[in-house]
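Heads up: the sequence shown runs through residues 426 to 580, numbered per the working numbering.
Below: the structure, in structure tokens.
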Amino acid sequence: MLDISNCERVTSYALENLKSGLKSLIGLQVLKIHTSSCKNIDDETLATASQILCSLESLQELNLNFSGCENITDTGIKNLEKGLQARHNLGSLSLAFRNCSNITDDGLKALQNGIRVLFNLKKLSLHFWGGMKFSENGLLSFSESLSRFTELEAL
426 MLDISNCERV TSYALENLKS GLKSLIGLQV LKIHTSSCKN IDDETLATAS QILCSLESLQ
486 ELNLNFSGCE NITDTGIKNL EKGLQARHNL GSLSLAFRNC SNITDDGLKA LQNGIRVLFN
546 LKKLSLHFWG GMKFSENGLL SFSESLSRFT ELEAL
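Here it is in structure tokens:
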């Protein structure tokens with residue numbers, strides 16, 4: 426697990442530098458990255474995370490915590506969507522975007538699209554509370570896509 430929570434100087438460049446090292450871990454099955462409350466983490470960081478996901482073919486479990494990263498928007502979620510769609514073999518997914526107040530229904534829809542193709546996914550944990558800009562219709566649409574999971578934790 427890489428935990429760089431509360432590191433104010435960490436930017437998307439840090440994850441970019443990790444990308445080549447992580448790509449070389451061909452057999453990596455579990456990836457946990459926590460960048461919660463890092464003020465410089467943004468949509469570009471999620472684009473880099475997506476590129477990393479595309480290269481980790483053996484990945485079974487993914488845990489990403491971007492809670493409190495206020496510069497993440499719908500664009501970042503759309504970037505992450507591409508990486509999620511590339512990981513068809515994921516069995517467990519945990520995403521935290523607590524207090525990321527710039528994510529709206531559009532970001533929620535992109536996340537839904539990313540998760541929809543993860544046919545092996547059994548365990549899903551989503552954490553969104555605090556300042557989200559979701560509408561009731563957006564949440565209803567998203568919740569309809571969750572019925573197939575055997576383990577679901579949504580906060």
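Note that beta-carbon positions come from the ideal geometry of N, C-alpha and C, so glycine has one too.
Assuming residue 511 and residue 490 form a contact by the criterion Cβ under 8 Å, report the distance between their Cβ atoms to the nearest whole angstrom. Position 86 of the sequence shown, counting from 1, holds the residue named residue 511. Position 65 of the sequence shown, counting from 1, holds the residue named residue 490. Not a contact, Cβ separation roughly 20 Å.
Residue 508 and residue 536: beta carbons closer than 8 Å? Residue numbering aside, residue 508 sits at position 83 when the sequence shown is read from its first letter. Residue numbering aside, residue 536 sits at position 111 when the sequence shown is read from its first letter. In this structure, residue 536 does not lie closer than 8 Å to residue 508 by Cβ.
Taking C-alpha atoms, which residue in 484, 435, 482 lies nearest to residue 460? For the purposes of this step, residue 460 is taken as the residue at position 35 of the sequence shown. Cα-wise, what sits closest to residue 460 is 435.
Taking the straight line between their C-alpha atoms, what separation do you get for residue 527 and residue 446? Position 102 of the sequence shown, counted from the start, is the residue given in the question as residue 527. Position 21 of the sequence shown, counted from the start, is the residue given in the question as residue 446. Separation of residue 527 and residue 446 (C-alpha to C-alpha, rounded to the nearest whole angstrom) is 31 Å.
Contact set for residue 433: own chain, Cβ-Cβ below 6 Å, skip 5 residues either direction: Locating residue 433 in the sequence shown gives position 8, counting from the first residue. The answer, listed in chain order, is 464.
Determine the extent of the alpha helix (DSSP H) in which residue 448 is found, giving its start and end residues. One-based indexing of the sequence shown puts residue 448 at position 23. Taken as a continuous stretch (DSSP letters only), the alpha helix (DSSP H) holding residue 448 covers 437 to 448.
Outcome for residue 451 when other beta-carbon atoms lying within 10 angstroms are tallied against a minimum of 16: Taking the first residue of the sequence shown as 1, we reach residue 451 at position 26. Exposed, since its Cβ has fewer than 16 Cβ neighbours within 10 Å.
State the CB to CB distance for the pair residue 429 and residue 471, rounded to an integer number of angstroms; the pair is presumed to be in contact (CB under 8 Å). For the purposes of this step, residue 429 is taken as residue 4 along the sequence shown, with counting starting at 1. For the purposes of this step, residue 471 is taken as residue 46 along the sequence shown, with counting starting at 1. So it is not a contact: roughly 15 Å between Cβ atoms.
Kindly indicate which residue of 540, 555, 503 has the alpha-carbon position closest to the one of residue 569. Position 144 of the sequence shown holds residue 569. Minimum Cα distance to residue 569 is reached at 540.
Considering Cα atoms alone, identify which of 573, 567, 534 is closest to residue 548. If you number the sequence shown from 1, residue 548 lands on position 123. Cα-wise, what sits closest to residue 548 is 573.
DSSP three-state call for residue 600: helix, strand or coil? In the structure displayed, the chain extends from 426 to 580; residue 600 sits before or after that span and is not available.
Buried or exposed: which applies to residue 469, given that a residue is buried once 16 or more other Cβ atoms fall within 10 Å of its Cβ? For the purposes of this step, residue 469 is taken as residue 44 along the sequence shown, with counting starting at 1. That one is buried.
Suppose you measure from the CA of residue 565 to the CA of residue 542; what does that come to, to the nearest Å? If you number the sequence shown from 1, residue 565 lands on position 140. If you number the sequence shown from 1, residue 542 lands on position 117. A direct Cα-to-Cα measurement between residue 565 and residue 542 gives close to 19 Å.
Where the alpha helix (DSSP H) through residue 465 begins and ends: Translated into positions along the sequence shown, residue 465 becomes position 40. Premise fails: residue 465 is in no alpha helix (DSSP H) and is neither H nor E.
Quick one: give me the first and last residue of the beta strand (DSSP E) that residue 488 is part of. Numbered from its first residue, the sequence shown carries residue 488 at position 63. Start and end: 486 to 490.
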